[in-house]
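Trainee: First to last, the sequence lines map onto chains D and G. According to this note's numbering, the stretch in the first sequence is residues 109 to 560, in order. According to this note's numbering, the stretch in the second sequence is residues 354 to 1007, in order. For reference, the structure I am asking about is given below.
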Amino acid sequence: MLFDRLRYLGFRLNSALLYWLRRRFTPAGRLVLCGLVGSAIWGVDTTKSMAYQSFTFLLSLVLLALAVSRLRPRKLSVRRSLPRFATAGEPLSYLITIENLEGRRRRGLSLSEDLSDPRPTFAEFRAERNPHDAGPLMKDQRPFWLDRLAGLTRWRKLIERKMPARAEEFPVPDLPPRGRVEVPVRLEPARRGRWSLPGVIIARPDPLGLAKACVQEPMAQSVLILPKRYAVPRLALPGARRYQQGGVVLSSSVGDSSEFMGLRDYRAGDPLRRIHWRSWAKVGKPVVKEYEDEYFTRHALALDTFIKPGQEAAFEEAVSVAASFACSALTQESLLDLLFVGAQSYCFTAGRGLGGTDRLLEALAGAQSCPDKPFSELHASVAGRSAVLSGIVCVLVGYDEPRREFVARLRARGLPVRVFVVTAGPAQIEEDGMTHALEVGRIAEGLARVCA
Amino acid sequence: MSAPPGLLAAALLFWGQQTGLLGLAAPCAVLVESWRLTGRRFELARSDFSRISDFSAILFFFMCAYLYFTRPANEAFMTLSAWLPLAFVPLLASQLYSAQGTVDVRALFVFMRNQPAKPAWTADISYPYLILCLLAAGAANNRTPLFYPEMALLICWALWRARPAGSSAAAWAALMILTCALGYEGQKRLALLQTEVEKQATGFIFGNGGARIEPEETVMALGHIGRLKQSERIALRVAPAAGRQAPRLLRAASYNAYRARRWLAWDVTFSPVREEASAWRLGPRPADAAEISVSIALEQGSGLLPLPAGTSAVRGFAAGAVTRSRLGAVKVEQGPNRAVFHAETSRTAAFDGPPDRQDLEVPAGTAVMLSQIVRELGLSSRRPRQALALLQRFFDEGFRYSLFRDGPDPGPEALEEFLLKTRAGHCEYFATAAVLLLRAAGIPARFAAGYSVQEYSRLERAWIVRDRHAHAWALAYADSTWVELDATPASWAAVENGRAPWWETLRDACSWAGYRLSLWRWSRALNSWLIVLCAALVFAGWKWLSALKAVGSRPLAAANAPPPPGPGRDSPWYDVEQRLAQEGFARHSWEAGGSWLERISAIPGSKVEASSLRSLLDLHCRQRFDPAGLAAADREALDAGVGEWLRGREKLAR
Chain D
109 MLFDRLRYLG FRLNSALLYW LRRRFTPAGR LVLCGLVGSA IWGVDTTKSM AYQSFTFLLS
169 LVLLALAVSR LRPRKLSVRR SLPRFATAGE PLSYLITIEN LEGRRRRGLS LSEDLSDPRP
229 TFAEFRAERN PHDAGPLMKD QRPFWLDRLA GLTRWRKLIE RKMPARAEEF PVPDLPPRGR
289 VEVPVRLEPA RRGRWSLPGV IIARPDPLGL AKACVQEPMA QSVLILPKRY AVPRLALPGA
349 RRYQQGGVVL SSSVGDSSEF MGLRDYRAGD PLRRIHWRSW AKVGKPVVKE YEDEYFTRHA
409 LALDTFIKPG QEAAFEEAVS VAASFACSAL TQESLLDLLF VGAQSYCFTA GRGLGGTDRL
469 LEALAGAQSC PDKPFSELHA SVAGRSAVLS GIVCVLVGYD EPRREFVARL RARGLPVRVF
529 VVTAGPAQIE EDGMTHALEV GRIAEGLARV CA
Chain G
354 MSAPPGLLAA ALLFWGQQTG LLGLAAPCAV LVESWRLTGR RFELARSDFS RISDFSAILF
414 FFMCAYLYFT RPANEAFMTL SAWLPLAFVP LLASQLYSAQ GTVDVRALFV FMRNQPAKPA
474 WTADISYPYL ILCLLAAGAA NNRTPLFYPE MALLICWALW RARPAGSSAA AWAALMILTC
534 ALGYEGQKRL ALLQTEVEKQ ATGFIFGNGG ARIEPEETVM ALGHIGRLKQ SERIALRVAP
594 AAGRQAPRLL RAASYNAYRA RRWLAWDVTF SPVREEASAW RLGPRPADAA EISVSIALEQ
654 GSGLLPLPAG TSAVRGFAAG AVTRSRLGAV KVEQGPNRAV FHAETSRTAA FDGPPDRQDL
714 EVPAGTAVML SQIVRELGLS SRRPRQALAL LQRFFDEGFR YSLFRDGPDP GPEALEEFLL
774 KTRAGHCEYF ATAAVLLLRA AGIPARFAAG YSVQEYSRLE RAWIVRDRHA HAWALAYADS
834 TWVELDATPA SWAAVENGRA PWWETLRDAC SWAGYRLSLW RWSRALNSWL IVLCAALVFA
894 GWKWLSALKA VGSRPLAAAN APPPPGPGRD SPWYDVEQRL AQEGFARHSW EAGGSWLERI
954 SAIPGSKVEA SSLRSLLDLH CRQRFDPAGL AAADREALDA GVGEWLRGRE KLAR
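Shown next, in the form of structure tokens:
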């Protein structure tokens, strides 16, 4: 516990120091700081080495640069044009407009997004497990033993998970007096989810080019990062058309058109568009039109969110696989239910005019794992809809006994079930035509093999 | 951003000038700048960088080993620091002469070599190398006034390139001038600060007494308040001759004057000792001479030798000079850092100078008190040997050993307080009291400082003496010879040993290992070891030069590197390609296998049926490009098919 706390504090301080160095010093300035530290070590005894003279020179240089850099750039107006969506792993490009409110030219400015602090809490650090705890890793994925021993691997993993993108600096073209320039910004979101951008940092180097003066322009905006998607060919999902209670409500535009059956009294919950106004006028009470119920194809995409510690990477890949299928499996003739369990059981339906792929991707962008709930919740959610489903695609994280039983029960109901099992390492799963194993880091290969 | 032209060469020349290695620095400077003139650069793979990095590392470790075995530790570190640019110049040259212009960081560290590539893992090492040159030049400690301006000029030159766009040159120059002035003033004040801190720290560290023994005076802890602490470090290792007992006391110095709680060697000069038959002779060889060997670490090769009483000669080490005082102290100068010397001793002989008036002097402030005790004990009326025995009994019976005292510092009355009130103290109290009481009784006496030999180590099979075994006792002139009188009660050894920490055994084992290594380091075996090291370096250098030669044969313009190894590189299909190439139907580098077969099958007289080879080509392609690879059965089919086709082709040719 004490050792954990000490190294957590060490990592936290180190992280803060590195952030400060990156923010306040240019690459040349950081090099000078390295020289300063080196000369401090070599020149600790002024009688044994002349390096102390380098030390005092470099120290004066750094102190002067820091003092001069207190003069911060002001009177700037900044505006950001951010898109609504982006995709994890794909570049996100947008423009930031900077306006010079002063009557003199500004040169040498740079800007960067002020990303939120990615450092984990001590509880998160303690709860995190080493990557190899989940199973053996490939040689090129194994962390350096010293990093693992010191806990640096865990720290890096958590930072990567909380850091939406690499903080990069973009040069600002020369700002004419009272003019404006547009700076193209290109970031690469690493993870799905809602990404908050609290503001922009504008930096100006000091005349020596060592330290930077920074001004933070608050400008809170957010962008939804959709899950990463793999190229998958259209999946041939078997299954017959099923009776859909409610019929045309679910198919307002295309497909089997509605057949008028007759009129009946209004029941609570009937949509307004079904009210037959003329009959209401005649009889004095609401009357609705009744249509023949419909039969059409409806598939479910069930995502496993019940992960164990160490399966976070597999879960992320499972979300990506689900997103890939959500994009490819949806047709104009069928419905697709996306089922997963988070804080509660969710079902998002798309297709036949009810909504497009974007709706499912938004839902998947926000999908969270629920390690504290039993897998049976997903089972219950899927089983409750099995009567109307033509087929199911399950994206599972692991293939243990409860999951096998889940699949077996669905198959026992006569439902065709295609199972994709995402695992952190090579998995011992008996693959058949309907069950496939996908390994983290080789998902694209696995999907290409499955769909070939 | 790479270094501007000439900067690295200037830095190397500056380094060479400061370290006195201008002869090596000049070719290095030419090496790092000549690529700009020739324009010749090479395509170096990561493996080439790794190899060059390994070569630099070997060079570095060779320097470490060479300096460790040939120089004292502190000197070795600074010399190594001064030589560092030499070790890393191959790495810098590899970057400068490479087409990439940067070094892949993974090549520098063995543990990173399996890591997948990242864009951030390439680095330009020219500026870090510049810093290394500046630090190394400083480590040379060539205290010339040119160091500061030259160093500042090089840094300004380097920073001129880093000047941001739009920055005023005048502002930059003004700031740089201010930096130079501040830095110059700062370095002067820093040197003064260190002198002041050292002065204060020396008083703080050594002010409470301890094992430090100086030939001219001893700083004692009389009146010291609190607990005296001395280290457990092993200071000496003593091995007596077979069948002889180890001496109980080893004397490093003796003093004849007591002034203000200090013992001084008054009016004493050191005279050179003659070296006869590789022995430093202190007196004629006695009839009952025996030898003991003592191992001691001498700080920078100088110090006092702790010797048993009656030492007539010391030998077994080389030294620039050995001197002795008439009080019996033997000093070595320009000797080895670790000396194992053999002392020729006798139980009867003594070679200290005869007593004089100084050996009877009693401080005026204590004379009355001492005379009273002498009277009470009746020391004056006894023969010297009897007086010694009586004094020994006096201290044994009425006093106790203690390393702790509380209350205010008694000042000059420390001795009086010890003799009349507390009757407890450490060895310096007992030795001082004994010497002064003897003098008050008319017996010439001196104060001796050295070590008590009392701990036998089973691990080392020798007597070991720790810092906390530092001891003081009296020397009395009785019956025309100097006799040792250890007035400290015998319980002192038990008190000292009780302070040993629980990890002492482990530390002793480490100390023993370090001692053996140190002996080997300073032994003659080193020369042969260095020869082996040099041979290994030459071999390694030859291997790496061969590798560099191979690299050099791949200039950028004519780079036609073989394809990187990959799955299926051992496919037998290449035999088919080779065979057809021999027959003049070579596949173009840009041509796909299938197209090639179609093309050559259409050539009249080629006798190649594309259909017969198509299935083999398919298997080959699967082996090369299918992530799942090729099943064993398919691989066998490919081998068999190719073999059969080659045999058929052979027959056809015949």
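Glycine included, each C-beta is placed from N, C-alpha and C at the ideal position.
Looking at chain G, is there any beta carbon in it that lies within less than 8 Å of the beta carbon of F448(D)?
Mentor: Taking Cβ atoms only, chain G never reaches closer than 8 Å to F448(D), which makes this a no.
Trainee: Alpha carbon to alpha carbon, how far is D641(G) from Y419(G)?
Mentor: If you take the alpha carbons of D641(G) and Y419(G), they lie about 44 Å apart.
Trainee: Whose CA, out of A488(D), L110(D) and R493(D), lies closest to the CA of L443(D)?
Mentor: It is R493(D) whose Cα lies nearest to the Cα of L443(D).
Trainee: Would you check if there are 3 or more beta carbon pairs closer than 8 Å linking the region 316–325 of chain D to the region 289–298 of chain D?
Mentor: With the cut-off at 8 Å, the region 316–325 of chain D and the region 289–298 of chain D do not touch.
Trainee: Mind checking which residues open and close the beta strand (DSSP E) that includes M321(G)?
Mentor: With chain G running from 354 to 1007 in the structure shown, residue 321(G) is simply not present.
Trainee: With which residues is N208(D) paired in a DSSP beta bridge?
Mentor: Paired residue(s): L184(D).
Trainee: Buried or exposed for H487(D), going by 16 or more other Cβ atoms inside 10 Å?
Mentor: The residue is buried, with at least 16 neighbouring Cβ atoms inside 10 Å.
Trainee: So E221(D) contacts chain G; which residues on that side make the cut at Cβ distance below 9 Å?
Mentor: In chain order: nothing, as chain G lies at least about 18 Å away.
Trainee: Under 7 Å Cβ to Cβ from S355(G), same chain only, skipping five residues before and after it: list those, please.
Mentor: Cβ neighbours of S355(G) beyond the five flanking positions: G454, D477 and S479.
Trainee: Could you check the C-alpha separation between R399(G) and A460(G) for me, to the nearest Å?
Mentor: Taking the straight line joining both Cα atoms gives about 6 Å.
Trainee: At 8 Å on the CB atoms, spell out the chain G contacts of C142(D), in chain order.
Mentor: Under the 8 Å cutoff, chain G gives P481 and I484.
Trainee: Check the DSSP bridge columns for L546(D) and list the partner residues they point to.
Mentor: Paired residues: V530(D).
Trainee: Which residue comes first and which comes last in the beta strand (DSSP E) that contains P737(G)?
Mentor: Premise fails: P737(G) lies in the alpha helix (DSSP H), P737 to G751, not in any beta strand (DSSP E).
Trainee: Report the neighbours of M431(G) on chain D: residues whose CB is nearer than 7 Å to its CB, in chain order.
Mentor: Correct list: K156 and S157.
Trainee: Return yes when the Cβ of E290(D) is within less than 8 Å of the Cβ of S218(D), no when it is not.
Mentor: In this structure, E290(D) does not lie closer than 8 Å to S218(D) by Cβ.
Trainee: Please state whether DSSP places H1085(G) in a helix, a strand or coil.
Mentor: Only positions 354 to 1007 of chain G appear in the structure, and residue 1085(G) is not among them; the question remains open.
Trainee: Which word fits T543(D), buried or exposed, when buried means at least 16 other C-beta atoms lie within 10 angstroms of its C-beta?
Mentor: Buried, since its Cβ has 16 or more Cβ neighbours within 10 Å.
Trainee: List the residues of chain D that N494(G) touches, going by C-beta distances under 7 Å, in chain order.
Mentor: Per Cβ cutoff of 7 Å: K156, S157 and M158.
Trainee: In the DSSP assignment, find the alpha helix (DSSP H) that holds C455(D) and state where it starts and stops.
Mentor: No alpha helix (DSSP H) holds C455(D); the beta strand (DSSP E) holding it covers S453 to A458.
Trainee: For K270(D), I'd like the list of residues in its chain whose CB is within less than 6 Å of its CB, leaving aside the five on either flank, ordered along the chain.
Mentor: Only P226 meet the Cβ criterion.
Trainee: On the three-pair Cβ rule with 8 Å, is the region 955–964 of chain G touching the region 519–536 of chain D?
Mentor: Too few Cβ pairs lie closer than 8 Å, so no.
Trainee: Could you tell me the distance, in whole angstroms, from the CA atom of G307(D) to the CA atom of S220(D)?
Mentor: The alpha-carbon atoms of G307(D) and S220(D) are separated by roughly 9 Å.
Trainee: Between which two residues does the alpha helix (DSSP H) containing A843(G) stretch?
Mentor: Note, A843(G): premise wrong, no alpha helix (DSSP H); not H, not E.
Trainee: For a test of the three-state rule: what should DSSP assign to T532(G), helix, strand or coil?
Mentor: Looking at T532(G) - three-state DSSP - the assignment turns out to be helix.
Trainee: In whole angstroms, what separates the C-alpha of Y338(D) from that of R394(G)?
Mentor: Going from the Cα of Y338(D) to the Cα of R394(G) covers about 41 Å.
Trainee: In the DSSP assignment, the alpha helix (DSSP H) including G1001(G) goes from what residue to what residue?
Mentor: Note, G1001(G): alpha helix (DSSP H), A985 to A1006.
Trainee: P517(G) to C509(G), Cα distance in whole Å?
Mentor: The straight-line gap from Cα to Cα measures roughly 14 Å.
Trainee: Output, in sequence order along the chain, the residues in the region 933–960 of chain G whose CB is closer than 8 Å to any CB in chain D.
Mentor: Against chain D - using a Cβ distance shorter than 8 Å - the region 933–960 of chain G contributes no residues.
Trainee: So with CB distances below 7 Å, who are the chain G contacts of V515(D)?
Mentor: Neighbours of V515(D) on chain G: none; closest Cβ ~25 Å, over 7 Å.
Trainee: Can you give me the C-alpha to C-alpha distance between P600(G) and V693(G), rounded to a whole angstrom?
Mentor: About 16 Å.
Trainee: For the putative contact between A592(G) and I645(G), defined by C-beta atoms under 8 Å, what is the C-beta separation to the nearest angstrom?
Mentor: About 7 Å; that satisfies the 8 Å criterion.
Trainee: By a C-beta neighbour count over all protein chains shown, 10 Å radius and 16 as the cutoff for buried, is F368(D) buried or exposed?
Mentor: Flag for F368(D) reads exposed.
Trainee: In its own chain, which residues sit with a C-beta less than 8 Å from the C-beta of A136(D), not counting the 5 before and 5 after it?
Mentor: Excluding sequence neighbours, A136(D) sits near G317 and L318.
Trainee: Hey, how far is the Cα of R113(D) from the Cα of L260(D)?
Mentor: One C-alpha to the other measures close to 13 Å.
Trainee: State the Cα-Cα distance for the pair L371(D) and L523(D), rounded to the nearest angstrom.
Mentor: Straight-line Cα distance between these residues: approximately 35 Å.
Trainee: On the three-state DSSP scale, how would you describe D971(G)?
Mentor: In the structure shown, D971(G) sits in a helix (DSSP, three-state: H, G or I).
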